[in-house]
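The block underneath contains the structure these notes are about, expressed in structure tokens.
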Amino acid sequence: MFLSQYLNHILQRFRKQPSGHVKAPELPEYIAPSPTSEDLDWADLAIVDLSQGSTPAGRQELAKQVRQAMNSHGFFYVVNHGYTPEQTRRLFSIANATFDLVEEDEKRLYTGQSEDVYEGYKPRRTWQIENGVSDQIEHYNINRSIRKRDHPTVLRPHLDEIQDFAQHNHNHILYTILRILAIGMDLPEETFVEMHRFESPGESSGSSVSQAPSHDPIHNLEIHMNSQIHEVLPAYGCRRNVNQERLAKRSHRNGLTQFFPADIGSITILWSQPISGLQILSPDGVWRYIKHIENALVVNTGDVMQLLSGGFYKPTIHRVIQPPKDQTDLERLGVFYFAMAADDIRLASVKSDEDSKIAAPTMVDWRKERTGKYGKGTMKQAQADGKMEEEIILGITVKEYN
Numbered sequence: 001m002f003l004s005q006y007l008n009h010i011l012q013r014f015r016k017q018p019s020g021h022v023k024a025p026e027l028p029e030y031i032a033p034s035p036t037s038e039d040l041d042w043a044d045l046a047i048v049d050l051s052q053g054s055t056p057a058g059r060q061e062l063a064k065q066v067r068q069a070m071n072s073h074g075f076f077y078v079v080n081h082g083y084t085p086e087q088t089r090r091l092f093s094i095a096n097a098t099f100d101l102v103e104e105d106e107k108r109l110y111t112g113q114s115e116d117v118y119e120g121y122k123p124r125r126t127w128q129i130e131n132g133v134s135d136q137i138e139h140y141n142i143n144r145s146i147r148k149r150d151h152p153t154v155l156r157p158h159l160d161e162i163q164d165f166a167q168h169n170h171n172h173i174l175y176t177i178l179r180i181l182a183i184g185m186d187l188p189e190e191t192f193v194e195m196h197r198f199e200s201p202g203e204s205s206g207s208s209v210s211q212a213p214s215h216d217p218i219h220n221l222e223i224h225m226n227s228q229i230h231e232v233l234p235a236y237g238c239r240r241n242v243n244q245e246r247l248a249k250r251s252h253r254n255g256l257t258q259f260f261p262a263d264i265g266s267i268t269i270l271w272s273q274p275i276s277g278l279q280i281l282s283p284d285g286v287w288r289y290i291k292h293i294e295n296a297l298v299v300n301t302g303d304v305m306q307l308l309s310g311g312f313y314k315p316t317i318h319r320v321i322q323p324p325k326d327q328t329d330l331e332r333l334g335v336f337y338f339a340m341a342a343d344d345i346r347l348a349s350v351k352s353d354e355d356s357k358i359a360a361p362t363m364v365d366w367r368k369e370r371t372g373k374y375g376k377g378t379m380k381q382a383q384a385d386g387k388m389e390e391e392i393i394l395g396i397t398v399k400e401y402n
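As numbered in UniProt numbering, residues 1 to 402 make up the sequence shown, in order.
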């Protein structure tokens, strides 16, 4: 057989390979814990049927519902988002393997080293918060372009599934939500979509977060959103004592407060999980829990959307507290998608004049500044009662509420 014939033979063999993804090795199935049986004070959030967003008329109706939800609670559920319960459980199994099936030595090889972007593993106790208190969050963060960076061995056979997950979150879920938000402001519906194109340079991503059971008060994490922060993050999975929920989180011990990243991006998509603890500050000033809905999403806007909308869509203060008594011994595993604008987008209101837009920071500059300063203790007390801290970044006052 001549070389040309041999090469042709090899090419024919490749052409005969079945199209689509090759089945990846099986992973241990993640069995989610049962929801709490306690009668908690639940927030009455709107439930948005995303399947209605497939038509212009449907998006018009959803825009009314979402605008009302954003003006009241700032959070809403999304159902009929295109993933089956089986697909969702599969993603949680992959997220869980990111922590349980990777040895500590290998995790260190894939720990993020950049101060410009959150990537790879973030170990616990990375951020120094106050008076010697360190965070208790572990997360694994993946850029939406999954193969942009290398990943631990256990994830490599599943990269196609993770890439599908990122594209589905971005191109189907995020784009539909962005169109609905634009319609709610009487803007052309592609206004925000054009600022968040999947193929544009940027750091939208997925994150897995893991948090261990909390017995010591240091694990009593409280998460709230900073209403003046402008940062954007990605996500795939996270486990608590771990996280890549881009929320401001804090853990209390002897009166100390521990902070974690806030929703610095445009849209945060949380894939609902059964461990209770996420609360929002309702319009009547009462903290209420977000109830788990099987195979639903919990969606809220971040600080970048506040900037781009000129304050029309404001972030809602929220936090994560210690779970109810029947869940305190359980580990919380989270899967998120954090959307941010493209790197070159100016963080100014879409309705502002050109001079204002030119003066505003770009997404990439803002992300680098916020990411680089986080956990460095640069926030200063802004009120005598200690309820607010702030710092100025690129001319913008960033506030965090205790």
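C-beta: ideal position from N, C-alpha, C; glycine also.
Provide the residue(s) that pair with residue i in DSSP beta bridges, ordered along the chain.
i, result
"K357", "Beta-bridge pairing links K357 to no other residue."
"Y77", "I47 and V298"
"W366", "In DSSP, W366 forms no bridge with anything."
"E199", "Note: E199 sits in no beta bridge, so no partner."
"K399", "E390"
"L280", "One point to set straight first is that residue 280 is Ile, not Leu, in the sequence displayed. The partner list for I280 (beta bridge, DSSP) reads R288 and H318."
"T111", "G120 and Y121"
"K380", "E390"
Any idea if residue i is buried or exposed, counting beta-carbon neighbours within 10 angstroms, 16 or more meaning buried?
i, result
"L62", "buried"
"P85", "exposed"
"T36", "buried"
"D353", "exposed"
"G277", "buried"
"T55", "exposed"
"E119", "buried"
"I358", "exposed"
"E189", "buried"
"R319", "buried"
"D263", "buried"
"T111", "exposed"
"T316", "buried"
"T153", "exposed"
When you compare the CB positions of residue i and residue j, do they come within less than 8 Å of one another, or not?
i, j, result
"S93", "Y140", "no"
"H168", "G82", "yes"
"K380", "E369", "no"
"S272", "V299", "no"
"P323", "L330", "yes"
"G53", "T176", "yes"
"V304", "L270", "no"
"W42", "R367", "no"
"T291", "G74", "Checking the displayed sequence, the identity of residue 291 turns out to be Lys instead of Thr. Not in contact: K291 and G74 (Cβ atoms no closer than 8 Å)."
"G310", "S282", "no"
May I have the straight-line CA-CA distance separating residue i from residue j, to the nearest angstrom?
i, j, result
"D164", "E199", "14 Å"
"N171", "L187", "20 Å"
"G302", "K107", "29 Å"
"L27", "D105", "21 Å"
"R67", "I137", "33 Å"
"Y121", "T98", "9 Å"
"S72", "R156", "42 Å"
"L173", "T88", "Reading off the sequence, residue 173 comes out as Ile, not Leu. Cα to Cα, I173 sits roughly 14 Å from T88."
"D39", "D326", "12 Å"
"N80", "I180", "16 Å"
"I280", "D44", "11 Å"
"E294", "Y77", "11 Å"
"M195", "K351", "14 Å"
"P33", "A166", "25 Å"
"M363", "I47", "30 Å"
"R144", "L109", "20 Å"
"E103", "A339", "29 Å"
"V398", "G372", "14 Å"
"V335", "I392", "31 Å"
"L394", "D343", "16 Å"
"D160", "V286", "43 Å"
"T191", "L50", "19 Å"
"D365", "A341", "12 Å"
"T328", "I146", "34 Å"
"I275", "R90", "18 Å"
"I162", "P123", "21 Å"
"R149", "H158", "14 Å"
"Q65", "I142", "32 Å"
"N96", "L178", "30 Å"
What are the start and end residues of the beta strand (DSSP E) that includes residue i?
i, result
"V320", "H318 to V320"
Along the chain, where does the alpha helix (DSSP H) that runs through residue i open and close?
i, result
"Y289", "Per DSSP, Y289 belongs to no alpha helix (DSSP H); it is in the beta strand (DSSP E), W287 to Y289."
"Q273", "Element bounds for Q273: n/a, residue is neither H nor E."
"R90", "P85 to D100"
"K64", "P56 to S72"
"D344", "D344 -> no alpha helix (DSSP H), and no H or E assigned at all."
"F312", "No alpha helix (DSSP H) contains F312, which DSSP labels as neither H nor E."
Is there a Cβ of chain C sitting closer than 8 Å to that of residue i, yes or no?
i, result
"K64", "Within the model displayed, chain C is absent; a lone protein chain is all it includes."
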